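Report on one structure; see the data block that follows.
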Amino acid sequence: HLKAQPGAHVALTVSDTGCGMDAMTQARIFEPFFTTKAVGHGTGLGLATVYGIVEQSGGHIWVYSEVGKGTSFKVYFPRYTGPQDQDRVHEGQSDLGDHITGGTILVVEDDVAVRSNVRRVLERHGFEILEARTGKEALAAVADSALAIDLVISDMVMPEMSGVELRERLQAVRATLPMLLMSGYSEEAIIRVGDHGSLGLIIEKPFTVEGLIGKVREALSQGSVSP
């Protein structure tokens with residue numbers, strides 16, 4: 004395995020005799036928001052969360068599946084051999100943090116699973132991440148000049164304040180702050196529901212890691228939430 008570290012590992016195997024997966028599905032199973040379930044019946048975050056936990060623990064996952072026969076997941080964790088291993092983990096985490104130079108992004112999302120997965124993806128690409136559960140928390144964070152936020156990524160549908168309303172209020176207090184909206188609906192569908200004018204940048208769920216990073220870079224280069 005390309006990501007495996009040399010040394011002894013502990014393996015956990017989980018197998019089933021279900022319908023299995025084809026090659027195209029296997030290639031995407033760890034992507035945040037990817038799901039084979041019907042709309043409303045799956046978030047596409049289960050395996051993405053597992054992948055994040057395993058990777059953060061220094062492990063890796065091997066998957067084998069055949070259509071009509073089932074699937075096996077083998078999860079490998081480095082075997083603990085003493086305090087020296089722990090020291091190396093902490094040193095590696097410190098080195099990673101020293102090289103984060105991509106800017107500060109505020110992620111606004113009431114669903115903790117979605118929020119944590121978006122955070123994980125962005126941190127891997129060198130961004131510092133702040134989190135907010137509601138539009139009110141986001142406005143307070145942006146008002147704090149000490150945080151120096153470069154971009155806001157917000158879900159479209161949230162309790163108390165929608166992403167569209169948050170965008171309008173941010174535009175009133177800091178018009179040069181770029182914003183990216185996440186939505187399970189297309190931009191055309193959103194506009195049909197109500198006249199929101201220009202919605203700015205939108206990324207439709209489910210999205211790929213590459214799609215998210217591409218939209219983030221586009222938003223940062225745009226440099227404004229103004230239409």
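My numbering applies: residue 4 is where the sequence shown begins, and numbers increase by one.
All residues carry an ideal CB built from backbone N, CA and C; glycine is no exception.
These numbers were taken from a predicted model, which means no experiment stands behind them.
Is it true that the CB of residue j sits closer than 8 Å to the CB of residue i?
| i | j | result |
| --- | --- | --- |
| LEU173 | LEU180 | yes |
| PHE80 | GLY105 | no |
| VAL70 | GLY23 | yes |
| VAL110 | GLU134 | yes |
| VAL212 | VAL121 | no |
| GLU126 | ASP158 | no |
| GLY203 | MET164 | no |
For residue i, report the span of its beta strand (DSSP E) as first-last.
| i | result |
| --- | --- |
| ALA14 | 12-19 |
| GLU163 | Counting along the chain, GLU163 falls outside any beta strand (DSSP E), and DSSP gives it neither H nor E. |
Whose C-beta lies closer than 6 Å to the C-beta of residue i among residues of the same chain, with five residues either side of it excluded?
| i | result |
| --- | --- |
| GLY187 | LYS208 |
| THR16 | LYS77 |
Helix, strand or coil: how does DSSP classify residue i here?
| i | result |
| --- | --- |
| LEU180 | coil |
| SER148 | helix |
| LYS77 | strand |
| ILE216 | helix |
| VAL115 | helix |
| ALA143 | helix |
| GLU34 | coil |
Could you tell me which residues DSSP puts in a beta bridge with residue i?
| i | result |
| --- | --- |
| ASP158 | MET185 |
| TYR83 | According to DSSP, TYR83 bridges with nothing at all. |
Identify, in the order they occur along the chain, each residue of the same chain with its Cβ nearer than 7 Å to the Cβ of residue i, setting aside the five sequence neighbours on each side.
| i | result |
| --- | --- |
| ASP153 | GLY106, THR107, ILE108 and LEU223 |
| LEU50 | ILE32 and PHE33 |
Please list, in chain order, all residues of the same chain as residue i whose beta carbon is under 8 Å from its beta carbon, the five residues on each side excluded.
| i | result |
| --- | --- |
| LYS72 | THR20 and GLY23 |
| GLY214 | ILE206 |
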